[in-house]
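Going by my numbering, the letters in the sequence shown line up with residues 52 to 447, in that order.
Quick reminder that beta carbons are idealized off the backbone N, C-alpha and C, glycines included.
Owing to the predicted nature of the structure, the values given are computational and were not obtained by experimental measurement.
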Amino acid sequence: MSEWIERESKYLFQNYGRQPIVLERGEGSRVWDSEGNEYLDFVGGLAVTSLGHSHPAVAAAAAAQAERLIHVSNLYYTTPMIELAELLVENSPLDRVFFCNSGAEAIEAAIKIARRYGHDERAGAHGIIAMNDGFHGRSLGALAATGTARYREPFEPMPGGFTHVPWNDLDALRAATDDNTVAVLMEPIQGEGGVNVPAPGYLQGVRDWCDENGLLLILDEIQSGIGRTGTFWAHEQDGIEPDIMCAAKGLAGGLPIGAVLAREELAGHLVPGDHGTTFGANPVATAAGVAVLRHIFENEVLAAARRASDRLVARLRSMEDSLPAVTEVRGRGLLLAVSLSSEAAAGVVTLCRERGLLVNNVRPDRIRLMPALIVEDDEIDRACDILEEAIRLATS
Ligand SMILES: *Cc1c(COP(=O)(O)O)cnc(C)c1O
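Right, here's the structure in full:
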């Protein structure tokens, strides 16, 4: 294992703080490292492996498609992209889909659709209001929208036209809106910003403000979508609909993919020549996406994920009582976090890993849990036993 890590340190950019394990194999909620150690995976590839690792339906669909046809470009039609687009439209309030390869790329396309709409319909209005602590990706446009200054500042100047307002603050949103504003871009529940849930009525308030002022509401469901929060899209729980929506992470069960969905009249603003991407709608990625969505809908995976969430939340809440260092349980569905009273999260991650559990320190004082939607009861129980012990050791 250490030999691989040594070679990595010689040949790859050192821009990630990787955990010191080399993962070679996965099945369901478990992964194994190159020395045969087994881990329960409650990171899930950062909310990507929605059906667990190498789910048989996803692996079979991707393998079969790879043997038939891997890539031809968007100069031609292929069938998996059409099937996946149909599934997404039928299971969302939106009408059309554009496929790309990552979350950041989906955000870039959403920004371009909003600007094209502003150019065509709103006398060139192009301002986009996003949220403090919001996260939208690392490309320059997505980074300009991201609400964490330290991610942006080393790479300035940013593309212009973005402002940020505090989360859960409708008055700040109203005050930041002017004639130049064309859209509001936000996550329905903030993931990377620390698992921040919207206050009751907040998303409805944003929706109403957008309607009153002719603004587009762009929801970034890249992390929260595809069942992650217990419903297929997180916004369903707030009773609102977006005008434009981005998806990515869990959509193809681990293969790289991104998607933008939009209302019919907005999709119509992108005409041939306006936008594109070579790998977008790749047959293998979209075939995997079809397998993921079919499996979710045909096997009542959302209901199972909600039951798993109830069990996990109950155990985490009991830690609030038993461990003084646990101050709060946050999140919805299987996008959850535990807040600690000190900056002990990195230590907890290490102690968990040494005991066979992978979790993520989303902030210095916060542990994030994003298990597969198909996580089993005994896996939840075992993970919580390990997490409880790790928090006790790290904070005593
Ligand atoms: C991960 C994430 C992104 C960026 O996705 P990439 O595939 O890493 O570019 C954008 N928005 C949200 C909410 C995310 O969680």
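Please tell me whether residue i has its Cβ less than 8 Å away from any Cβ of chain D.
i      : result
ALA113 : Absent here is chain D; the protein component of the structure consists of one chain.
Kindly examine ligand 1 and report whether one of its heavy atoms sits closer than 7 Å to the Cβ of residue i.
i      : result
ALA299 : yes
SER101 : no
ILE158 : yes
SER392 : no
ASP271 : yes
GLN238 : For the record, residue 238 in the displayed sequence is Glu; it is not Gln. Yes, since a heavy atom of ligand 1 falls inside the 7 Å radius drawn around the Cβ of GLU238.
GLY242 : yes
ALA195 : no
HIS187 : yes
GLY154 : yes
GLN65  : no
GLN70  : no
GLN288 : no
GLN274 : yes
Quick check: the Cα distance between residue i and residue j, rounded to an integer number of angstroms?
i      : j      : result
ALA165 : ALA155 : 15 Å
ASP146 : VAL377 : 43 Å
ASP471 : TYR253 : Outside the shown range of the chain, which is 52 to 447, sits residue 471, and nothing can be said about it.
ARG368 : LEU387 : 11 Å
PHE213 : ARG173 : 17 Å
GLY211 : ALA196 : 10 Å
CYS435 : ASN247 : 22 Å
GLY327 : ASP220 : 35 Å
ALA110 : TYR127 : 25 Å
GLY304 : ASP271 : 18 Å
GLU450 : ILE158 : The chain is shown only over 52 to 447; residue 450 falls outside these bounds and no answer can be derived.
ALA115 : ALA395 : 45 Å
GLY175 : LEU266 : 13 Å
PRO131 : GLN288 : 29 Å
ARG167 : LEU236 : 15 Å
LYS163 : PRO334 : 24 Å
LEU280 : LEU408 : One point to set straight first is that residue 280 is Thr, not Leu, in the sequence displayed. Each residue's Cα considered, the two are about 21 Å apart.
ALA161 : PHE64  : 29 Å
SER60  : THR329 : 31 Å
ALA445 : ALA117 : 46 Å
SER447 : ALA441 : 10 Å
LEU194 : ARG383 : 25 Å
ARG69  : THR401 : 11 Å
ILE98  : LEU268 : According to the sequence as given, residue 98 is Ala; it is not Ile. Looking at the two C-alpha atoms, the distance is approximately 23 Å.
ASP92  : GLU405 : 13 Å
LEU321 : ASN152 : 18 Å
ARG43  : VAL389 : No statement about residue 43 is possible, as the shown extent of the chain runs from 52 to 447 and does not include it.
ALA332 : PHE150 : 5 Å
GLY380 : VAL364 : It is worth fixing the name first, because residue 380 is Val in this sequence and not Gly. About 7 Å.
MET52  : THR232 : 52 Å
ALA313 : CYS403 : 41 Å
GLU430 : SER360 : 12 Å
PRO217 : PRO375 : 29 Å
ALA336 : ASP372 : 44 Å
LYS300 : GLU238 : 14 Å
PRO323 : GLY169 : 18 Å
ASP325 : ARG366 : 50 Å
ASN125 : PRO208 : 33 Å
Any heavy atom of ligand 3 closer than 7 Å to the Cβ of residue i?
i      : result
SER447 : Ligands in the displayed structure: ligand 1; ligand 3 is not one of them.
TODO: Please specify which runs of the beta strand (DSSP E), each continuous and at least 3 residues long, are wholly inside the stretch 362-386, giving them in chain order.
DONE: 377-383
Open item on the list: With a threshold of 8 Å, are at least 3 pairs of Cβ atoms found where one atom belongs to the stretch 255-262 and the other to the stretch 85-96?
Closed with: no
Task: Any 3 or more C-beta pairs closer than 8 Å across the stretch 167-183 and the stretch 355-362 - done: Contact fails: fewer than three Cβ-Cβ distances are below 8 Å.
Open item on the list: For the structure I just gave you, are there three or more beta carbon pairs, one from the stretch 188-195 and one from the stretch 274-282, closer than 8 Å?
Closed with: no
TODO: Can you check the stretch 120-197 for any alpha helix (DSSP H) of at least 4 residues that lies completely inside it and give the ranges in chain order?
DONE: 130-141, 154-172 and 191-196
Open item on the list: Does the stretch 292-310 come into contact with the stretch 137-145, if we say contact requires no fewer than three beta-carbon pairs (one atom in each stretch) closer than 8 Å?
Closed with: yes
- [ ] Enumerate, from N- to C-terminal direction, the unbroken beta strand (DSSP E) stretches of 3 or more residues contained entirely within the stretch 288-333.
- [x] 295-298 and 309-313
- [ ] May I have a chain-ordered list of the alpha helix (DSSP H) segments no shorter than 4 residues that lie completely inside the stretch 205-230?
- [x] Qualifying alpha helix (DSSP H) stretches, in chain order: 221-227.
Open item on the list: Check whether the stretch 228-235 and the stretch 67-86 are in contact - that is, three or more C-beta pairs closer than 8 Å.
Closed with: no
- [ ] Could you tell me whether the stretch 422-440 touches the stretch 67-83, using the rule of 3 or more Cβ pairs below 8 Å?
- [x] yes
- [ ] Please confirm if the stretch 101-120 is in contact with the stretch 343-351, defined as three or more CB-CB distances below 8 Å between the two stretches.
- [x] Yes, the stretch 101-120 is in contact with the stretch 343-351.
TODO: Scan the stretch 77-116 and note each continuous alpha helix (DSSP H) run of 4 residues or more that stays entirely inside, going in chain order.
DONE: The qualifying runs are 95-98.
- [ ] Counting only runs of 3+ residues fully inside the stretch 238-272, write out the beta strand (DSSP E) ranges in chain order.
- [x] 267-271
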